Amino acid sequence: MARYLYPKIIKISALTVAMVLSASSVKVQAQDMLVTINRDTLNCNLGKLNKDNQYPIEFIVDEDKGELLTGYIHKDSVLFFRKSMFRSLRDNRLRPWYSMVDLGLEAGVAHQFGAFRMEDDLTDKSPFATRTGWYVGADLTLYVTKPVGYGLKYNYRSLLDGDIIYHYVGPAMVIRRFTNKRSHLFFGLSAGLGYMEQKNAPVEYFLIRPKIELHASCLAGDLSVGYHLNLSRSVSARFKLSGIIGYPGFVKVLNSPVVNKGDKQVDIGLYGNNINSVNLTVGFTFHR
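If you use the working numbering, the sequence shown closes out at 341, no skipped numbers anywhere.
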């Protein structure tokens with residue numbers, strides 16, 4: 054039965070009588086279905102109605118050659134139309150009710166588990182507050198099937214007023230499970246590059262305590278679980294809990310007047326030991 058849901062897309066004949074063709078370019082939108090008063094069905098890009106009661110339109114005249122015709126159609130020649138019904142101008146399959154591309158933006162808090170400076174003279178916050186900072190992230194996912202998608206994600210974490218900064222970027226796989234057409238759970242798995250910068254970190258060097266800056270990088274993993282609550286067909290609110298794990302194999306100390314001078318090197322202790330964190334975020338996902 055499903056195959057009969059696909060409209061038969063005809064080559065244009067009677068439509069051209071109802072259209073005022075224009076050689077100029079017309080601003081149009083998504084791949085839409087238009088049905089004329091003659092019951093002709095068309096896969097097209099349909100723009101907004103103008104002051105002359107005409108819709109800007111473009112469509113493919115010759116499917117073999119891919120010739121694109123651009124013009125206008127009067128509203129009295131239109132029986133009805135539906136926006137974003139087809140997958141593309143050259144693909145007459147109906148778009149599924151679920152999204153095929155998601156862009157997510159989020160912000161929240163991150164709690165870090167790596168080594169920190171905890172001396173009383175350096176921070177007046179509790180250990181928990183010291184390890185908690187800001188988190189922002191973004192991800193882009195292309196779904197190849199209804200439940201499974203692949204994409205790219207990035208997140209940024211900042212603690213101690215910017216003295217400690219973390220970055221993560223990597224490819225991701227997302228699995229979603231729909232509870233209904235308005236909401237769904239999603240699970241994410243990613244492996245990529247983790248990178249951290251730490252400034253004003255005190256170390257022991259003979260009888261003094263200089264402050265150093267260090268950079269560290271590693272292969273890291275990102276696991277997440279979240280929930281999308283649809284606000285409209287194209288936008289959802291998102292709530293996500295995630296965790297990042299990584300143990301740097303490369304740590305470099307910078308900008309210290311005492312590093313590697315003389316016979317004694319700076320002991321950085323557990324600085325740069327890991328970039329592990331747990332993150333709680335909210336945001337929006339834009340669907341296409």
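Built from N, CA and C at the ideal position, the CB exists for glycine as well.
These numbers were taken from a predicted model, which means no experiment stands behind them.
Buried versus exposed, by CB contacts within 10 Å (16 or more), residue i
i      : result
Phe139 : buried
Ile90  : exposed
Glu120 : exposed
Ser152 : buried
Ile261 : exposed
Lys293 : buried
Pro224 : exposed
Arg341 : exposed
Gly124 : buried
Gly322 : exposed
Tyr324 : buried
Ser295 : buried
Gly245 : buried
Gly247 : buried
Pro180 : exposed
Collapsed DSSP secondary structure at residue i in the structure displayed
i      : result
Ser130 : helix
Pro255 : strand
Pro109 : strand
Leu193 : strand
Gly167 : coil
Pro224 : strand
Thr89  : strand
Gly215 : helix
Thr183 : helix
Arg291 : strand
Asp316 : Interpretation of Asp316 is limited by its pLDDT of 44, a score under 50 that renders its predicted location unreliable; the figure taken from the coordinates is listed afterwards. If DSSP states are grouped into helix, strand and coil, Asp316 belongs with coil.
Leu142 : coil
Tyr280 : strand
Ser152 : coil
Ser285 : coil
Arg341 : coil
Lys305 : strand
Asn233 : strand
Ser137 : coil
Tyr207 : strand
Lys101 : coil
Beta-carbon proximity of residue i to residue j, cut-off 8 Å
i      : j      : result
Val162 : Leu333 : yes
Leu193 : Thr338 : no
Asn329 : Ile297 : yes
Ile113 : Arg143 : yes
Glu266 : Leu307 : yes
Val227 : Tyr209 : no
Lys128 : Tyr108 : yes
Leu272 : Gly241 : no
Ile110 : Leu102 : no
His281 : Ser270 : no
Glu159 : Val335 : yes
Pro200 : Arg230 : yes
Leu368 : Tyr203 : It is not possible to answer for residue 368, since the shown part of the chain is limited to 54 through 341.
Residue-chain proximity (residue i, chain B), Cβ-Cβ < 8 Å
i      : result
Tyr258 : No chain B is part of this structure, which consists of one protein chain only.
Chain-order list of residues whose beta-carbon lies under 8 Å from that of residue i (same chain, five-residue window excluded)
i      : result
Leu132 : Val88, Thr89, Ile90, Arg92
Other residues of its chain near residue i: CB distance less than 6 Å, five sequence neighbours each side excluded
i      : result
Glu250 : Ile218, His268
Ser243 : Lys206, Gly223, Ala225, Asp275
Phe239 : Val227, Arg229, Gly279
Sequence-distant residues of its chain with Cβ nearer than 7 Å to residue i (five each side left out)
i      : result
His164 : Arg184, Thr185, Ser330, Val331
Asn96  : Ile62, Gln84, Met86, Phe112, Phe139, Leu142, Asn145
Asn253 : Asp216, Lys264
Near the ligand GTP: residue i beta-carbon under 7 Å from a heavy atom
i      : result
Gly325 : Inclusion of the ligand GTP in the displayed structure is not the case, the ligand content being empty and no account of it being possible.
DSSP bridge partner residues for residue i (one or two, in chain order)
i      : result
Thr198 : Answer is none; Thr198 lacks a bridge partner.
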